[in-house]
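A short write-up of the structure that comes next.
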Amino acid sequence: MQYRQLGRSGLRISAFTLGTMTFGGKGDFAKTGDTDLAGARRQIDLCIDAGVNMFDTADIYSTGVSEEILGAALRGRSDDIMVTTKARFRMGKGANDAGLSRYHLVSACEASLKRLGRDHIDLYYLHEWDGQTPLDETLEALDTLTRSGKIRYAGVSNFSAWHIMKALATAERNRLIAPVAQQIYYSLQARDAEYELLPVAVDQGIGVQVWSPMAGGLLSGKYRRGKPQPQGTRQIENWGEPPVHDIEKLYDVVEVLVSIAESRDISAAQVALAWVAQRPAVTSIVIGARTEAQLIDNLKAADLSLTAQEISRLDDASAPPLLYPFWHQASTASDRLSPADLLLLGPTVARKGK
Numbered sequence: 039m040q041y042r043q044l045g046r047s048g049l050r051i052s053a054f055t056l057g058t059m060t061f062g063g064k065g066d067f068a069k070t071g072d073t074d075l076a077g078a079r080r081q082i083d084l085c086i087d088a089g090v091n092m093f094d095t096a097d098i099y100s101t102g103v104s105e106e107i108l109g110a111a112l113r114g115r116s117d118d119i120m121v122t123t124k125a126r127f128r129m130g131k132g133a134n135d136a137g138l139s140r141y142h143l144v145s146a147c148e149a150s151l152k153r154l155g156r157d158h159i160d161l162y163y164l165h166e167w168d169g170q171t172p173l174d175e176t177l178e179a180l181d182t183l184t185r186s187g188k189i190r191y192a193g194v195s196n197f198s199a200w201h202i203m204k205a206l207a208t209a210e211r212n213r214l215i216a217p218v219a220q221q222i223y224y225s226l227q228a229r230d231a232e233y234e235l236l237p238v239a240v241d242q243g244i245g246v247q248v249w250s251p252m253a254g255g256l257l258s259g260k261y262r263r264g265k266p267q268p269q270g271t272r273q274i275e276n277w278g279e280p281p282v283h284d285i286e287k288l289y290d291v292v293e294v295l296v297s298i299a300e301s302r303d304i305s306a307a308q309v310a311l312a313w314v315a316q317r318p319a320v321t322s323i324v325i326g327a328r329t330e331a332q333l334i335d336n337l338k339a340a341d342l343s344l345t346a347q348e349i350s351r352l353d354d355a356s357a358p359p360l361l362y363p364f365w366h367q368a369s370t371a372s373d374r375l376s377p378a379d380l381l382l383l384g385p386t387v388a389r390k391g392k
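Heads up, the sequence shown is in the working numbering, so the first residue is 39 and it goes up one at a time.
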């Protein structure tokens, strides 16, 4: 297992993080899984044996039950084991039971600590943007939580690049604790993060944890062109998160995944995970599984190194179109591009140079 520095912080976390959305199986989260305490302990044992030192949850997962199960399963284990959780979404019927206000963040953090049975949260994420709460209020709340020892690092999740830059500027201007990481969706199914989220991570030194690197199972190899879709699962046409805008392109990507996997006698899932783990700026990928067999298979990807040729095949099949102003920059600004710019534009510039 590799241990990578989280952005410009001094924290080193494992390249793989265990996600616990499947813990609990309550309400809307029942469709993701229903791992109980005994199952959670077995999954955590497998992850710790593989070198995982970070475990991810959120207060909204099964309305707090995921945090409770994770906290109970981690009780008595090494202090080197770290936990991330998140706040923003509605956790009650009150007018202030959602959002990123000082009121909600402080109360949400204290509630998460109680459910987790811990005296601190290692990495506390703002789970989603709140355009109605002033950022200085939100960051002051994070600053207070950090200085009181309740959280050690802060991050953002599902923010746009301009939201991140505004947060960093607000923190610098007011001398507040700044986010050190972002948790984002990124996979071979949808590489939208390459437009601005990964470049801002490179440019500003922001760590990146990737959620759903398997695109919710779409990249498992079970969904193939011309073959029946798996029984008992969501149908691609009705997939909501992540949405599928181009089914034929998805099938093209899966065909390359399966081809590489068969040539190595491994699963397509391992190839998909290894591709994300090897991308620029990515610190850690969040994996989760309904079964122990799936988790064991996914963890094997931590030791998988794809060749340049394999990466090139996957890149070509999944490449996002260049939107404006990126196609214009690739055409007219290639002589003065930064490493952050080249994360997206590098392949296009290289092709034009041949």
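All residues carry an ideal CB built from backbone N, CA and C; glycine is no exception.
Because the structure is a prediction, the values reported are computed rather than measured.
- Taking every protein chain shown into account, the CB of Ala-68 has fewer than 16 other CB atoms within 10 angstroms, so this residue is exposed.
- Taken atom to atom, the span from the alpha-carbon of Ala-368 to that of Tyr-233 is near 13 Å.
- Between Leu-138 and Thr-182, the gap from beta carbon to beta carbon reaches 7 Å or more.
- Under the DSSP definition of a beta bridge, Leu-56 partners with Phe-93 and Ile-325.
- Three or more Cβ pairs closer than 8 Å define a contact, and the stretch 316-334 falls short of that threshold against the stretch 353-360.
- Following the DSSP letters along the chain, one finds Tyr-162 inside the beta strand (DSSP E) bounded by residues 159-164.
- Thr-95 counts as buried, since no fewer than 16 other beta carbons sit within 10 angstroms of its beta carbon.
- Taking a 10 Å sphere around the C-beta of Arg-211, we find fewer than 16 other C-beta atoms and assign the residue as exposed.
- Within the same chain, Asp-353 and Ala-357 come within 8 Å of Pro-385 by CB-CB distance, once the 5 residues on both sides are set aside.
- With contacts defined as CB atoms closer than 7 Å, Asn-91 and Ser-150 fail to qualify as a contacting pair.
- Ranked by how close their Cα comes to the Cα of Ile-98, the residues Lys-64, Gly-109 and Ala-253 have Lys-64 in first place.
- Taken in chain order, the complete beta strand (DSSP E) segments of 3 or more residues contained in the stretch 255-296 number zero; there are none.
- Distances from the CA of Gln-227 to each of Phe-364, Pro-281 and His-142 were compared; the closest alpha carbon is that of Pro-281.
- A direct Cα-to-Cα measurement between Phe-197 and Lys-204 gives close to 10 Å.
- Contact check for Val-218 against Tyr-191 passes: the beta carbons are separated by less than 7 Å.
- Spatial neighbours of Gln-316 in its own chain (CB-CB distance under 8 Å, excluding positions within 5 residues in sequence) are listed in chain order as Ser-343, Leu-344 and Ile-349.
- As the crow flies, the alpha-carbon of Ala-179 is around 36 Å from that of Arg-80.
- With distances taken between CA atoms, Asp-241 lies nearest to Arg-46 out of Leu-173, Arg-46 and His-165.
- DSSP places Ile-189 within a strand segment (E or B) once states are collapsed to three.
- When secondary structure is reduced to three states using DSSP, Met-120 falls in the strand class.
- By the beta-carbon neighbour count (other beta carbons within 10 angstroms, threshold 16), His-142 is buried.
- Look at Trp-249 here: in three-state DSSP terms it is strand.
- At the C-beta level, Ala-111 and Ala-78 come within 7 Å of one another.
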